[in-house]
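Residue numbering for the sequence shown follows UniProt numbering, starting at 1 and increasing by one per position.
Have a look at the structure below, then the notes.
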Amino acid sequence: MALGKIRNIKGLTLPPTVTEDAAVQEQQNHPSSEMEKLNSPFSIENQLKQISLTDSQRKRMQQWFIEKQKIGELNGEELEKICELGFGNGGVVMKVRHKPSGIIMARKLIHLEVKPSTRNQIIKELKVLHCCNSPYIVGFYGAFYADGEISICMEYMDGLSLDIVLKKAGRFPEQILGKISIAVLNGLQYLKEKLNILHRGNGFFTTLMLLMCTFEMYAWFGLDVKPSNILVNSQGEIKLCDFGVSGQLINSMANSFVGTRSYMAPERLTGSHYSIQSDIWSFGLSLVELAIGKYPIPVPDFKDLLRIFNKPTDEMYLVDDSKLLAGRARGSGQSASISMQSPKTMAIFELLDYIVNEPPPILPRGLMSDEFTDFVEKCLRKNPQERANVKTLLIHPFIEKSKMEIFDFAGWVREMIRKKLPEEMQ
């Protein structure tokens with residue numbers, strides 16, 4: 001069935017496009033000299049002091065700033081294409097080399113047919129990305145417009161995104177999920193506490209963007225946490241990317257965006273009030289996907305799980321007791337369970353309806369540790385007020401255990417880099 005003919009029986013709606021607000025306008029009035037001050041060696045050192053960093057993280061970030069200062073203003077003539085990395089929402093992402101400095105970066109090109117005043121506004125809005133400094137956020141080199149395209153140049157992560165890594169790995173071991181969880185939660189905490197970034201109703205389009213950051217202004221844009229927006233590199237770093245900053249760019253791309261909202265929290269889909277708790281849902285859903293190797297909505301096939309984990313039936317049982325199952329299923333008219341049949345492919349509004357009205361995915365015990373299973377369950381509570389927050393999750397037994405585990409994550413990433421994708425092996 002064509003997407004345009006799908007019946008929206010439940011009356012679910014997609015949020016309207018973004019309009020500029022006072023916060024954005026205030027950022028636009030920030031003069032370029034102020035941006036330069038924020039990126040001066042003195043300011044950068046002060047910013048790093050405000051972040052809890054290990055010695056290795058501090059050293060890598062200082063090196064990043066040194067490299068970035070070599071670049072200056074970017075333009076297309078100085079960028080040499082090496083290869084295509086993939087297609088993002090609204091554009092292509094390429095691996096490029098900055099010829100004057102030799103620095104390798106990722107360049108996202110977004111084709112836009114807009115009037116000059118709009119494109120200038122987009123570039124102006126994107127420039128606030130320069131002041132985002134965290135070991136858990138992908139670095140930003142700059143943005144410019146040329147030949148009908150906006151170019152957003154960012155730090156190149158040679159391990160690429162977790163959705164690509166998942167294709168190579170099949171599924172992620174729990175030790176890997178622990179390291180990822182620590183990084184993502186720290187990234188979310190940074191965005192919330194240091195930059196005060198919260199969601200607004202433009203989540204459907206925020207995957208077009210990168211990092212929103214300023215230490216002096218408040219911003220109200222969104223972040224979509226999902227495997228494709230979590231990047232890794234061979235140094236063992238794990239970083240978040242793709243969050244909204246330019247209302248003009250989001251509006252300009254609105255009509256051309258095609259995709260699903262499959263990682264959105266229920267409250268985002270119904271238009272209810274939401275906050276960073278919505279990111280926790282998205283993160284929990286992503287963890288289940290990485291753990292079992294497939295997107296978990298609709299409910300995974302029980303036989304598939306047995307095959308994936310090579311477990312006999314008697315070693316698996318649902319995490320929830322009957323009372324909790326009933327609570328999670330409340331309002332859906334159904335009991336939470338794991339399907340014994342293969343899940344069907346859902347049309348967009350069927351999927352939205354399922355996320356809003358059906359129980360969340362359940363990890364059976366016996367597949368993963370009790371700590372991880374409980375961690376995911378706390379992330380995937382339908383009621384955002386009952387859902388765990390970042391601070392609570394950072395002291396959860398699963399995170400505490402993961403912090404203590406010695407694991408060569410960088411070595412694992414390098415192994416995944418060397419491994420070919422299934423389609424490359426044909």
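Beta carbons are placed, not taken as given, at the ideal position from N, Cα and C, and that holds for glycine.
Burial state of A143 is buried, judged by a 10 Å Cβ sphere holding 16 or more other Cβ atoms. With respect to the 7 Å criterion, I164 and K108 are not classified as neighbours on the basis of their beta carbons. The C-beta separation of I297 from P361 comes to about 6 Å, placing the pair in contact by the 8 Å criterion.
For M105, the enclosing beta strand (DSSP E) starts and ends at 103-111.
For K179, the closest C-alpha among the options I238, E193, G72 is that of I238.
Contact annotation: G293 and G159 have beta-carbon atoms that are not nearer than 7 Å.
Here the alpha carbons of L191 and N133 stand approximately 10 Å from one another. Beta-bridge partners of K401 (DSSP): none assigned.
Between L240 and F302, the alpha-carbon positions lie close to 32 Å from each other.
Residue pairing by DSSP puts S161 in a beta bridge opposite L231. Taken in chain order, the unbroken stretches of alpha helix (DSSP H) that lie wholly in the stretch 257-291 and span 4 residues or more are 266-270. Sequence-distant Cβ neighbours of R60 in its own chain, meaning closer than 6 Å and more than five residues away, do not exist here.
Annotated three-state conformation of F65 is helix, per DSSP. It is roughly 13 Å from the alpha-carbon of E377 to the alpha-carbon of A291.
The closest CA to that of K81, considering only Q69, A388, I104, is found on I104. Distance from the CA of E84 to the CA of E386, rounded to the nearest whole angstrom, comes to 42 Å. The straight-line gap separating the alpha-carbon atoms of I66 and I137 is approximately 17 Å. A143 is bridged by DSSP to I152.
Where K391 is concerned, there is no enclosing beta strand (DSSP E), although the alpha helix (DSSP H) around it starts and stops at 390-394. Using a Cβ distance threshold of 7 Å, Y141 and I71 count as a contacting pair.
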